[in-house]
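Here the structure comes first, spelled out in structure tokens, and everything after it is commentary.
Chains as they are written, first to last, in full-length UniProt numbering: chain A, 1 to 343; chain B, 1 to 343; chain C, 1 to 343; chain D, 1 to 343.
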């Protein structure tokens, strides 16, 4: 089959690789209909450390089941499905608790050895999905492939951020960062009880995209003023840091109200000087959150199917598989928000 | 001042009554800008039992504070406010728990002795509000009077129904009845995490109103089929009975899925043959809910201010105070959904 | 192997039956160490309708895994385990939601065709456990067999009642009925945040058992007085009906406070005249609940292992397998609270 | 009246001061029956910065109402009451949300200008309580003064820690620090659903005190080993840091499991190097929490009245008012856990 593979530092190419085959009764093979390129992919190829040459990339996908092991009971050949960006056993203590990310048998698609054992990615004509009952969900026909491709990672992350924020109805919610996750966090918050949503982002086009979907927006330098205006000077009830690192956390701490909640879904710095005195005096809550389609997939699908959230609004470019290297370039140069690959 | 008063069985009239005055340091006087006519008002005058002749009617209102006792600290003269349909002390065991409806000093506006001691109503130029700190909330200028008038009762009821349903994100939510509360329940559910919302209502115009605001709709005889279609045959996760009586509960039990939740905000029959065997086998939850603006007012205001819910969509007619009897008639004859009185 | 089987209306006997064998890769075979006799068993043999002659009874058990299919990953031969009273697939929409009782592939042990397809019971030397990953939990050595045997049904039911009651810390909790489930509901409530727990029970010995374990107790005719005394006249925040039928629900409605919650875990009458007027005016919540060890097993085990709950306090008699018919008789004649079978 | 006052750096004395009088209709005067000396008191007199000479100290108290303003409705002269360590208006946006600590009119008893405007303390024969409806709760006779004195601060803090931890039933809970708050956190966790509770503390006597009340205990150097043993190597589900500063947070981060929750109720360092990389990879939650008797008082009282928590177990010394300086000394020299003053 044809697949997008790592081709040395900063480079990907589309090439022939062997078709994946079932290795375990719990496996399924999915014929990919749509895959996405993620910021994580860009980091991985820029770094290269965890990627063998020729490794198949990609962890966001939707398609149809074309083969399934004897142990797969929730899906059949021909079913239209969306997949999580990682898979997990579904039966251990962690999985039973809904913490699939901590499963000892977790495997993350298309990221080499970055997050555990290797599992070939989904920017390919076919992808093998271990623990298919846990990692796949059926996608009804009324959800487009351009929407379904976002369910397992971008929207799962946004959804987890909003859910773990413990939104009280009407809460003023700030989203720091207008990338794909930030944009969908704005939508997820609006669908799940937020009051005013403010998206903070330096790039005007990204602000415009968020504004078109119901958020108030501000450049970082104007954020405090806007947030104070809409909260009678109190600050935001909830801030979701969707950029990470020290800048994301600093911005979040500058915008949250006393007794507010900060949720970070952006990869942070290794260490960060927490203003613990302020955090205690103001009784802040700080949560770090990773999306989990295995836990939240049914809820996410129900929201998207109902039209409460349309994740396809962040799809800003679509290329054929052969042009995937172009998509990587556009993303790297920030010329597009989120590129999809049509197979 | 001029006010709408009870004028004998089935009749109201607009007449002069004495201006209300502060009786307690915790009182405020509100100059009413907009009041609404409620189905409850129609029941009361049709029954007459709990209404002395000349009693000032009305319990839905917004306006400005024109006088406030020394014990009022949250509001000042000139403040724009919305009021709950009842008031309560705010300090007893029940109020501290957020159960203001059970406060021993609860008083319901404009309903005679129906729900406790008499308190003159708000379909009047002025209304006295006991425990003003608890019962009033400031209304920002960006919320219109046509929206603010609904906060304290119609929307508070819809909001309470949705909150007490314990919606899981994406839950398919059925609303039984397309009156004002049903319409706003549909909006509140959509704003607070519901997936598909289905409104069940026999009157086509009411179905159309709900459909224009994002709900799927069905006549009662088609409801089961539609609900099964959108839930893969399971039935609704949540059903809100917004009509009450045996028909409301029967319909709800016919549409809810196993392990689902029914919330009733409609006045039920005195007794009703609960299908307890089904309820146990299916592990159903049944909750009866009354709105509470004193508890939920801040959240409701935040949702409305953000545009997440626009309650003004149910305002279908507006009359001047002098024409209030017309408004009563239109409501009684179901020629309009919800009539407002402009003062 | 030897097993307790149905031997005609009202009768059981211990006899030889074929050893169970693995039928599916997800199956395990458990060598039973301790089984319990349940009120449900008595109902079933008294009725007989759903039991073929010679059917192996029993659905409460603990023991060791002696064989496991290739698809079982959470358990190994030699593991000490406790089982749910039913088993379910663990992968369907219902199971993913934690509603295993609604799983289309649910099978209840030892109850004939009462609750779906037949599955031989656990009052036997060996029992086959379908979907063993979902239905079994490891039991650490510090939990005795006399405690472990209660985890999957009696305690799972009590625990579910308490959890679904949504106890606020300090809530006065009434338990109607001092049978095994009622006794453990009292313990579970005390461990999970209840304030005063009142157990209502006509039999003095059962009241004494509950009192020895921390509950206040009352005969039914004195219950209202006691509850009013400890709640300043308000009534109970939460009532768990652990007897069912009209008497259980009537008692519960007579003891609950306004805005309180009633949870019924007792099999109710087919229909029951709900006092809907009172339920609405008082904003009551009524929930019907069935235990689910597949969902709650880890939590229950953690509570028992920590000593927060000791379910063995309800074990009032223990017999050898050969004497199981005696145990049935003692239970039927209410001469013992809960009889165990040692294998 | 006689009162304990600040007498220069590190010193207190008992002297005559003017009796407090009502200043506002919402005030009450309480005749103190029992007061406690708190670690905070020791910090304040050691620092001196926020204390005028002669300032009346103390913020933990119980007693009887001897005078009440016209605006006080929840309490009457003669009522036995416990007070919060601070008072707040009860009517503003923050108070309505249950965040009384953020009330603009908050006043903290007996701490000079440390936390806002001065309010004379409660280590005195009489104390004035502003906003008495909000800050006082009735104490039934069956709760001893030795228990009631802890409700408003030590137990309120412990309770808030446990509630904000969002304990799932059976959660292994570590308490870092065996001072009064740590001891009561152990009790509150056990009462509200924790599984195994491990208290980490270097002083043997404090470990013994916790062990006698149901906790497992460990010296800091053995904590990791014990926690791993009782959690199958995973680490604690919840860690409450009851000592604060870098040591408290470091210890907490070393004991929590992946996806676990850390609640800090100890005053932290101004800044602390958060291991953000670990916190993200492990999806940790970090919450800073301050007790709030105004919000939680009813729940706390219900738990204590039921015997679910007995806070008096931490009272290790009781002195007469004249000997209060001795009590301060014993606390400062760590010769006693928590000293009470009998008036």
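Just so it is clear, CB atoms sit at the ideal spot from N, CA and C, and this is done for glycine as well.
**Asked** Rounded to a whole number of angstroms, what is the C-alpha to C-alpha distance between residue 340/A and residue 94/D?
**Response** Taking the first residue of the first chain as position 1, residue 340/A is located at position 340. Taking the first residue of the fourth chain as position 1, residue 94/D is located at position 94. Rounded to the nearest whole angstrom, the C-alpha separation of residue 340/A and residue 94/D is 46 Å.
**Request:** Taking 8 Å as the threshold, find out whether the region 163-172 of chain A comes into contact with the region 109-119 of chain A through three or more Cβ pairs.
**Result:** Note that the region 163-172 of chain A does not touch the region 109-119 of chain A; fewer than 3 beta-carbon pairs, one per stretch, sit closer than 8 Å.
**Asked** Which word fits residue 44/B, buried or exposed, when buried means at least 16 other C-beta atoms lie within 10 angstroms of its C-beta?
**Response** In the second chain, residue 44/B corresponds to position 44, counting from 1. Residue 44/B is buried by the Cβ-count criterion.
**Prompt:** How is residue 282/D classed by DSSP in three states: helix, strand or coil?
**Reply:** Start at 1 with the first residue of the fourth chain, and residue 282/D comes out as number 282. Of the three classes helix, strand and coil, the one that applies to residue 282/D here is coil, per DSSP.
**Request:** Identify the contact partners of residue 168/A in chain G, using a Cβ-Cβ distance below 8 Å as the criterion.
**Result:** Among the protein chains in the structure shown, which are A, B, C and D, there is no chain G.
**Message:** Residues of the region 18-31 of chain B in Cβ contact with chain D at a cutoff of 8 Å, in chain order, please.
**Reply:** Using a CB distance below 8 Å, the part of the region 18-31 of chain B facing chain D consists of 25 and 26, ordered along the chain.
**Request:** Starting from the Cα of residue 343/C, find the closest Cα among 179/C, 204/C and 30/C and give me that residue.
**Result:** The sequence position of residue 343/C within the third chain is 343, counting from 1. Among 179/C, 204/C and 30/C, the Cα nearest to that of residue 343/C is on 30/C.
**Prompt:** With which residues is residue 192/C paired in a DSSP beta bridge?
**Reply:** Residue mapping note: residue 192/C aligns to position 192 of the third chain, counting from 1. Here residue 192/C is bridged, per DSSP, to 192/D.
**Item:** Same chain, Cβ closer than 7 Å to residue 194/A, neighbours up to 5 away in sequence not counted
**Value:** Stepping through the first chain from its first residue, residue 194/A is reached at position 194. Excluding positions up to five away in sequence, the list reads 167, 171 and 173.
**Prompt:** Between 118/B, 128/B, 102/B and 18/B, which lies nearest to residue 67/B when the distance is taken from Cα to Cα?
**Reply:** Numbered from its first residue, the second chain carries residue 67/B at position 67. Ranking the options by Cα distance to residue 67/B, first place goes to 128/B.
**Request:** For my contact list, residue 191/C and residue 137/C are in at a C-beta cut-off of 8 Å; report their separation, rounded to the angstrom.
**Result:** Locating residue 191/C in the third chain gives position 191, counting from the first residue. Locating residue 137/C in the third chain gives position 137, counting from the first residue. The Cβ separation is near 18 Å, so there is no contact.
**Message:** Strictly below 9 Å CB to CB, what residues from chain A border residue 268/D?
**Reply:** On the fourth chain, position 268 is the one that residue 268/D refers to. From the beta-carbon of residue 268/D, the residues of chain A found nearer than 9 Å are 274, 276, 277, 279 and 280.
**Item:** Through-space distance from residue 113/B to residue 37/B, alpha-carbon basis
**Value:** In the second chain, the residue the question calls residue 37/B occupies position 37. In the second chain, the residue the question calls residue 113/B occupies position 113. Using only the alpha carbons, I get a separation of about 18 Å.
**Message:** Quick check on residue 338/C: buried or exposed, where buried means 16 or more other Cβ atoms within 10 Å of its Cβ?
**Reply:** Walking along the third chain from the start, residue 338/C turns up at place 338. Buried.
**Request:** Please state if the CB of residue 158/D and the CB of residue 188/D are separated by a distance shorter than 8 Å.
**Result:** Sequence index remark: in the fourth chain, residue 188/D carries index 188 (1-based). Sequence index remark: in the fourth chain, residue 158/D carries index 158 (1-based). Taking 8 Å as the Cβ cut-off, residue 188/D and residue 158/D qualify as a contacting pair.
**Request:** Would you give the residue range spanned by the beta strand (DSSP E) that residue 61/C belongs to?
**Result:** Mapped onto the third chain, residue 61/C falls at position 61. In the DSSP assignment, residue 61/C falls within the beta strand (DSSP E) that extends over 60-68.
**Request:** Give the DSSP-derived three-state secondary structure of residue 147/D in the structure shown.
**Result:** Within the fourth chain, numbered from 1, the residue matching residue 147/D stands at position 147. Three-state result, residue 147/D: helix.
**Asked** Applying the criterion that 16 or more other CB atoms from any shown protein chain within 10 Å of the CB defines a buried residue, is residue 177/B buried or exposed?
**Response** Here residue 177/B refers to the residue found at position 177 when the second chain is read from its first residue. With 16 or more Cβ atoms within 10 Å of its Cβ, residue 177/B is classed as buried.
**Asked** Using a Cβ-Cβ cut-off of 7 Å (strictly less than) and excluding sequence neighbours within five positions of residue 226/B, which residues of its own chain qualify?
**Response** One-based indexing of the second chain puts residue 226/B at position 226. Cβ neighbours of residue 226/B beyond the five flanking positions: 198, 216 and 218.
**Prompt:** Which residues in chain D sit within 9 Å of residue 228/A, going by Cβ to Cβ distance?
**Reply:** As a position in the first chain, residue 228/A is number 228, starting the count at 1. Neighbours of residue 228/A on chain D: none; closest Cβ ~14 Å, over 9 Å.
**Prompt:** Taking the alpha helix (DSSP H) that residue 40/C falls in, what are its first and last residues?
**Reply:** By 1-based counting over the third chain, the position of residue 40/C is 40. Per DSSP, residue 40/C is one residue of the alpha helix (DSSP H) stretching across 39-47.
**Message:** Would residue 261/C pass as an interface residue toward chain D - the criterion being a Cβ-Cβ separation below 8 Å?
**Reply:** By 1-based counting over the third chain, the position of residue 261/C is 261. Output row for residue 261/C: interface = no.
**Prompt:** Since residue 60/A and residue 35/A are thought to touch, with beta carbons under 8 Å apart, how far apart are those beta carbons, to the nearest angstrom?
**Reply:** Here residue 60/A corresponds to residue number 60 of the first chain, with the count starting at 1. Here residue 35/A corresponds to residue number 35 of the first chain, with the count starting at 1. The C-beta separation of residue 60/A from residue 35/A comes to about 6 Å, placing the pair in contact by the 8 Å criterion.
**Prompt:** Considering only C-alpha positions, which residue in the set 240/D, 248/D, 277/D and 301/D is nearest to residue 142/D?
**Reply:** Indexing the fourth chain from 1 puts residue 142/D at position 142. The candidate whose alpha carbon is nearest that of residue 142/D is 301/D.
**Request:** Could you check how far apart the C-beta atoms of residue 242/D and residue 181/D are, in whole angstroms? I think they sit under 8 Å.
**Result:** Within the fourth chain, numbered from 1, the residue matching residue 242/D stands at position 242. Within the fourth chain, numbered from 1, the residue matching residue 181/D stands at position 181. At roughly 5 Å, the Cβ-Cβ gap stays under 8 Å, so residue 242/D and residue 181/D are in contact.
**Asked** Residue range of the alpha helix (DSSP H) that residue 233/D falls in?
**Response** For the purposes of this step, residue 233/D is identified with residue 233 of the fourth chain, where counting begins at 1. Where residue 233/D is concerned, there is no enclosing alpha helix (DSSP H), given that its DSSP letter is neither H nor E.
**Item:** Beta-ladder partner(s) of residue 369/A, from DSSP
**Value:** Residue 369/A is absent from the model: chain A starts at 1 and stops at 343.
**Prompt:** So what's residue 28/C in DSSP terms, helix, strand or just coil?
**Reply:** What you label residue 28/C is simply residue 28 of the third chain in a count that begins at 1. Residue 28/C falls in the strand class under three-state DSSP.
**Request:** Would you mind stating whether residue 32/A and residue 63/A have Cβ atoms separated by less than 8 Å?
**Result:** By 1-based counting over the first chain, the position of residue 32/A is 32. By 1-based counting over the first chain, the position of residue 63/A is 63. Closer than 8 Å, so yes.
**Close Cβ partners of residue 336/C (< 7 Å) along its chain, the five nearest in sequence each way excluded** = Sequence index remark: in the third chain, residue 336/C carries index 336 (1-based). Residues 316, 317 and 330 of the same chain have their beta carbon placed closer than 7 Å to that of residue 336/C, with the five preceding and five following residues left out of the count.
**Residue range of the unbroken alpha helix (DSSP H) whose run includes residue 258/B** = Within the second chain, residue 258/B is the residue found at index 258, counting from 1. No alpha helix (DSSP H) holds residue 258/B; the beta strand (DSSP E) holding it covers 256-264.
**Asked** What residues match up with residue 107/B in a beta bridge as DSSP calls it?
**Response** Locating residue 107/B in the second chain gives position 107, counting from the first residue. As a beta-bridge residue in DSSP terms, residue 107/B pairs with 87/B.
**Request:** Determine the direct distance from the alpha carbon of residue 233/A to that of residue 255/C, and round the result to whole angstroms.
**Result:** Translated into the one-based positions of the third chain, residue 255/C becomes position 255. Translated into the one-based positions of the first chain, residue 233/A becomes position 233. Roughly 47 Å separates the two Cα atoms.
**Prompt:** If you drop the 5 nearest sequence neighbours on each side, which residues of the same chain put their C-beta closer than 7 Å to that of residue 24/D?
**Reply:** Locating residue 24/D in the fourth chain gives position 24, counting from the first residue. In its chain, beyond the 5 residues on either side, 69 and 130 have a beta carbon closer than 7 Å to the beta carbon of residue 24/D.
**Item:** Beta-bridge partners of residue 217/D, as assigned by DSSP
**Value:** Position 217 of the fourth chain, counted from the start, is the residue given in the question as residue 217/D. Its beta-bridge partners are 199/D.
**Request:** Using three-state DSSP, classify residue 142/D as helix, strand or coil.
**Result:** The sequence position of residue 142/D within the fourth chain is 142, counting from 1. Here residue 142/D sits in coil by DSSP.
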